[in-house]
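Visitor:
Numbering (full-length UniProt numbering), first residue to last: 1 to 681.
1) Could you tell me how far apart the beta carbons of residue 143 and residue 540 are, in whole angstroms, since I believe they sit closer than 8 Å?
2) To the nearest angstrom, report how far apart residue 141 and residue 247 are at their CA atoms.
3) Is it true that the CB of residue 250 sits closer than 9 Å to the CB of residue 572?
4) DSSP three-state call for residue 631: helix, strand or coil?
5) Return the residue from the list 591, 124, 183 that minimises the CA-CA distance to residue 290.
6) Buried or exposed for residue 520, going by 16 or more other Cβ atoms inside 10 Å?
7) Which residue wins for smallest C-alpha separation from residue 455, given the options 601, 69, 301?
8) Do residue 434 and residue 355 have their beta-carbon atoms positioned less than 9 Å apart in this structure?
9) Look up residue 29 in the DSSP assignment and say whether it is helix, strand or coil.
10) With a threshold of 6 Å on Cβ separation, who are the neighbours of residue 328 within its own chain once the five nearest residues in sequence on each side are excluded?
11) On the DSSP letters alone, give me the boundaries of the alpha helix (DSSP H) that residue 336 sits inside.
12) Relative to the C-alpha of residue 359, which residue among 346, 282, 437 is closest?
13) My assumption, with CB atoms under 8 Å, is that residue 597 sits in contact with residue 446. Please give the rounded CB distance.
14) Whose C-beta lies closer than 6 Å to the C-beta of residue 346 among residues of the same chain, with five residues either side of it excluded?
15) In this structure, does DSSP put residue 91 in helix, strand or coil?
16) Could you tell me which of 547, 109, 353 sits nearest to residue 512, measuring between CA atoms?
17) Roughly how many angstroms lie between the CA atoms of residue 660 and residue 670, to the nearest whole one?
18) Would you check if the stretch 387 to 400 and the stretch 329 to 338 touch, i.e. whether three or more CB-CB distances between them fall below 8 Å?
19) Closer than 6 Å by C-beta to residue 585: which residues in its own chain qualify, once you throw out the five before and the five after it? Chain order, please.
20) Taking the continuous beta strand (DSSP E) assigned at residue 232, which residues delimit it?
21) State buried or exposed for residue 623, treating a residue as buried only when at least 16 other CB atoms are found within 10 Å of its CB.
22) Can you tell me which of the three DSSP states residue 227 falls into?
23) Using CA atoms only, rank isn't needed, just tell me which of 258, 323, 304, 287 is closest to residue 276.
24) In whole angstroms, what separates the C-alpha of residue 618 from that of residue 240?
25) Scan the stretch 558 to 609 and note each continuous alpha helix (DSSP H) run of 4 residues or more that stays entirely inside, going in chain order.
26) Where does residue 662 land, buried or exposed, given buried means 16+ other C-beta within 10 angstroms?
27) Return the bridge partner residues of residue 505 from the DSSP annotation.
28) Using a Cβ-Cβ cutoff of less than 6 Å, which residues in the same chain neighbour residue 8 once the five nearest sequence positions on both sides are dropped?
29) Where do the N-terminal and C-terminal ends of the alpha helix (DSSP H) with residue 391 fall, by residue?
30) Helix, strand or coil for residue 416? Go by DSSP, reduced to three states.
31) Tell me the DSSP secondary structure of residue 482 in three-state form.
32) When we look at the beta-carbon of residue 557 and count the other beta-carbons within 10 Å, is it buried (16 or more) or exposed?
33) Alpha carbon to alpha carbon, how far is residue 467 from residue 461?
34) Assuming the contact rule is C-beta atoms closer than 8 Å, residue 551 and residue 129 should be a hit. Round their C-beta distance to whole Å, please.
35) Can you tell me which of the three DSSP states residue 185 falls into?
36) Could you have a look at residue 24 and say whether DSSP puts it in helix, strand or coil?
Right, here's the structure in full:
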């Protein structure tokens with residue numbers, strides 16, 4: 001019969017040390033405990049376990065040829081009829097469950113957002129550009145999850161209490177121990193007959209009818225929501241949900257960046273096989289478009305030329321004299337001073353414009369629609385102008401600093417990231433300086449400038465809302481009024497100058513910095529405008545299609561593309577920097593700045609954070625002692641010490657592993673040049 005002959009090679013392969021090691025890892029200690037004493041019993045038990053393992057594992061998992069796998073599959077199917085009912089049912093159920101899970105996984109892949117669009121972009125333009133659109137999809141999902149959190153735990157309870165749904169009631173506690181002037185808040189809601197352009201102005205600026213909706217912080221004035229017998233503390237839920245969406249964003253970003261960090265680390269450490277990787281493993285097999293294939297050829301050629309140029313520049317740097325080094329370092333110091341002066345000029349301009357806008361926006365007549373809207377959007381315009389002009393200047397100045405090509409790109413991107421994110425910080429600092437402006441005893445009754453900012457949280461939310469809207473308008477306007485006319489000129493005009501100017505390139509780095517800037521605004525503004533993640537979700541969905549149309553019809557792929565693995569890690573690293581920056585203003589607003597006494601869920605507390613200790617004081621005395629003890633010095637200092645020691649241990653362990661890797665790499669180099677070295681070892 002064929003069955004015994006088919007089992008022979010399987011038994012032989014299962015006797016290999018690698019197969020036995022894998023079997024021991026699967027079995028663990030239970031195999032040793034279950035094994036009977038004595039060599040005969042152990043051998044019999046081992047053979048029985050091997051037979052059961054061979055029968056249970058699918059044929060495709062065995063290291064056999066196709067013909068042997070077919071014979072093994074026939075043998076397994078014939079052997080099923082001799083099994084007991086329980087084992088037969090167990091094997092059939094396991095196989096059916098695996099098949100069901102496989103089908104569900106296959107069907108769920110069709111539910112992935114923009115699956116077909118991103119695959120088509122990957123096929124036409126490569127994985128570098130595809131990584132940008134995948135990153136944009138990630139931000140859409142992240143903002144949608146943040147919106148779900150804020151809506152379910154903050155907005156929905158307020159809606160239920162406002163309309164009396166599900167026998168719910170709300171408790172409004174009037175602020176106590178404060179002066180009456182601090183509780184006056186009269187939003188500029190439109191009343192009576194209003195012109196259409198006033199609604200348009202309110203839509204773009206977040207004032208008027210939008211100011212008294214669920215969009216902004218000031219609308220959430222409920223303290224306690226009673227749903228049947230359940231007591232829902234809205235101020236505590238508002239604060240915990242804020243921490244939840246920031247924590248969710250942090251965990252999700254770190255989880256996605258781990259894989260890219262490993263690939264980037266291995267790629268950067270590969271100093272011996274750089275050229276081999278580009279020549280033998282640099283091709284992108286996802287490309288199906290002929291023009292994209294030619295572009296990939298040119299990009300590989302460019303990478304090889306860049307590597308050779310870097311080697312030449314490294315040799316040139318090594319041969320520099322002391323006089324040349326002094327000249328280059330002096331020039332770099334001068335250029336960095338110029339860059340610092342440009343940054344300071346941008347920051348000062350944003351500060352002055354923000355102060356002017358806050359002071360004059362309420363003085364302009366509502367009938368003067370254009371002037372009022374221009375004054376309110378001045379900070380957003382100046383920030384956008386700084387984000388556009390600054391990178392152009394940085395790209396021009398970096399050419400005189402005589403860095404390596406890779407260092408030029410990294411330093412320019414670092415300066416652009418700092419400019420974009422610092423502009424948001426300067427805007428918030430300008431707002432806080434006006435909120436905390438206590439000249440002439442403006443802050444004495446309430447702790448903040450209540451005359452100009454009766455509900456300062458809503459004012460900050462309106463600024464974040466305007467930045468989000470204006471950023472979207474700029475993206476749309478550049479595509480419609482810059483890229484499309486340029487495409488028409490290049491297509492229908494045969495002028496040599498126009499043809500030389502050509503189509504603009506699809507800059508992946510600039511586009512990524514653009515959406516990270518918008519995402520940072522969303523993270524900061526969500527505390528002051530709970531529904532801002534929904535606006536950001538809709539915005540990025542529209543931006544996806546705008547960028548797709550722009551890529552296909554009005555722009556061309558970059559002649560110097562970036563690697564997909566390194567770009568994914570770079571995107572997430574910059575996004576993580578934006579998230580860390582968002583923690584600072586949100587944390588300062590919660591812990592330091594007095595909360596508004598005329599609006600919002602925290603009007604009964606000195607700061608937003610005060611709701612936490614007040615809630616803890618309502619717990620039983622034993623639980624209070626445990627919680628306060630956990631944050632006391634007696635616990636925090638030892639825990640911090642243990643964390644530091646653990647961190648130092650892992651740092652030392654990583655250093656030891658790095659040295660071992662370096663030694664193994666040196667041995668590989670020796671083996672490459674001396675095959676007898678391996679034999680001697």
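Every residue, glycine too, gets a C-beta built ideally from N, C-alpha and C.
As the structure is a prediction and not an experimental result, all values here were calculated from the model.
Guide: Taking the definition as stated:
1) Your numbering for residue 143 matches position 143 in the chain shown. Your numbering for residue 540 matches position 540 in the chain shown. Indeed, because the Cβ distance is near 7 Å, the residues count as touching under 8 Å.
2) Walking along the chain shown from the start, residue 141 turns up at place 141. Walking along the chain shown from the start, residue 247 turns up at place 247. Cα-Cα distance, rounded: 15 Å.
3) The sequence position of residue 572 within the chain shown is 572, counting from 1. The sequence position of residue 250 within the chain shown is 250, counting from 1. Between residue 572 and residue 250, the C-beta gap is not smaller than 9 Å, which leaves the two residues out of contact.
4) If you number the chain shown from 1, residue 631 lands on position 631. Residue 631 sits in coil when the DSSP states are folded into three classes, being neither helix nor strand.
5) Sequence index remark: in the chain shown, residue 290 carries index 290 (1-based). Nearest to residue 290 by alpha-carbon distance, out of 591, 124, 183, is 124.
6) Within the chain shown, the letter at position 520 stands for residue 520. It counts as buried.
7) Residue numbering aside, residue 455 sits at position 455 when the chain shown is read from its first letter. The shortest Cα separation from residue 455 among 601, 69, 301 belongs to 601.
8) In the chain shown, the residue the question calls residue 355 occupies position 355. In the chain shown, the residue the question calls residue 434 occupies position 434. For residue 355 and residue 434, yes; Cβs fall inside 9 Å.
9) Locating residue 29 in the chain shown gives position 29, counting from the first residue. Only weak support exists for where residue 29 lies, its pLDDT of 39 falling under 50; the value from the coordinates is given anyway. Assignment of residue 29 by DSSP, reduced to helix, strand and coil, places it in the helix class.
10) Within the chain shown, residue 328 is the residue found at index 328, counting from 1. Result list for residue 328: 402, in chain order.
11) Translated into the one-based positions of the chain shown, residue 336 becomes position 336. Unbroken alpha helix (DSSP H) run through residue 336: 322 to 360.
12) The residue given as residue 359 occupies position 359 in the chain shown. Between residue 359 and the set 346, 282, 437, the nearest pair of CA atoms involves 437.
13) Here residue 597 refers to the residue found at position 597 of the chain shown. Here residue 446 refers to the residue found at position 446 of the chain shown. So it is a contact: roughly 6 Å between Cβ atoms.
14) Looking up residue 346 in the chain shown gives position 346. Same-chain partners within the cutoff: 386.
15) Indexing the chain shown from 1 puts residue 91 at position 91. In this structure, residue 91 counts as helix in the three-state DSSP scheme.
16) Counting from 1 along the chain shown, the entry for residue 512 is found at position 512. Comparing Cα-Cα distances from residue 512 to each of 547, 109, 353, the minimum goes to 547.
17) Here residue 660 refers to the residue found at position 660 when the chain shown is read from its first residue. Here residue 670 refers to the residue found at position 670 when the chain shown is read from its first residue. If you draw a straight line from the Cα of residue 660 to the Cα of residue 670, it is about 15 Å long.
18) As far as the Cβ criterion goes, the stretch 329 to 338 touches the stretch 387 to 400, which means the pair count is three or higher.
19) Here residue 585 refers to the residue found at position 585 when the chain shown is read from its first residue. Annotation for residue 585: 428, 524 place their beta carbon closer than 6 Å to its own, counting only its chain and skipping 5 residues before and after.
20) To locate residue 232, count along the chain shown from 1; it is residue 232. Residue range 230 to 233 is occupied by the beta strand (DSSP E) that includes residue 232.
21) Within the chain shown, numbered from 1, the residue matching residue 623 stands at position 623. Answer is exposed; the Cβ neighbour count stays below 16.
22) In the chain shown, residue 227 corresponds to position 227, counting from 1. Strand.
23) Stepping through the chain shown from its first residue, residue 276 is reached at position 276. With distances taken between Cα atoms, residue 276 lies closest to 304.
24) Reading the chain shown from its first residue, position 618 is the one you call residue 618. Reading the chain shown from its first residue, position 240 is the one you call residue 240. Each residue's alpha carbon lies about 17 Å from the other.
25) DSSP runs (the alpha helix (DSSP H)) wholly in the stretch 558 to 609: 564 to 591.
26) As a first step, residue 662 must be located in the chain shown, where it is residue number 662. Classified as exposed, residue 662 has fewer than 16 neighbouring CB atoms from the shown chains inside 10 Å of its CB.
27) Reading the chain shown from its first residue, position 505 is the one you call residue 505. In the DSSP output, where bridge partners are listed per residue, residue 505 has 556.
28) The residue labelled residue 8 in the question sits at position 8 within the chain shown. With a pLDDT of 41 at residue 8, under the threshold of 50, the predicted position of this residue should be treated as unreliable, though the coordinate-derived value follows. Once the five neighbours on either side are set aside, residue 8 has no close Cβ partner at all.
29) Here the question's residue 391 lines up with position 391 in the chain shown. Counting along the chain, the alpha helix (DSSP H) containing residue 391 begins and ends at 378 to 397.
30) Translated into the one-based positions of the chain shown, residue 416 becomes position 416. Three-state result, residue 416: helix.
31) Taking the chain shown and counting its residues from 1, the one referred to as residue 482 is at position 482. Reduced to three states, the DSSP call for residue 482 is helix.
32) What you label residue 557 is simply residue 557 of the chain shown in a count that begins at 1. Label assigned to residue 557: buried.
33) Working through the chain shown from its first residue, we reach residue 467 at position 467. Working through the chain shown from its first residue, we reach residue 461 at position 461. So the two alpha carbons sit approximately 10 Å from each other.
34) Sequence index remark: in the chain shown, residue 551 carries index 551 (1-based). Sequence index remark: in the chain shown, residue 129 carries index 129 (1-based). 7 Å between Cβ atoms; contact.
35) Position 185 of the chain shown holds residue 185. Looking at residue 185 - three-state DSSP - the assignment turns out to be coil, as it is neither helix nor strand.
36) In the chain shown, the residue the question calls residue 24 occupies position 24. Interpretation of residue 24 is limited by its pLDDT of 49, a score under 50 that renders its predicted location unreliable; the figure taken from the coordinates is listed afterwards. Under the three-state reduction of DSSP, residue 24 is assigned to helix.
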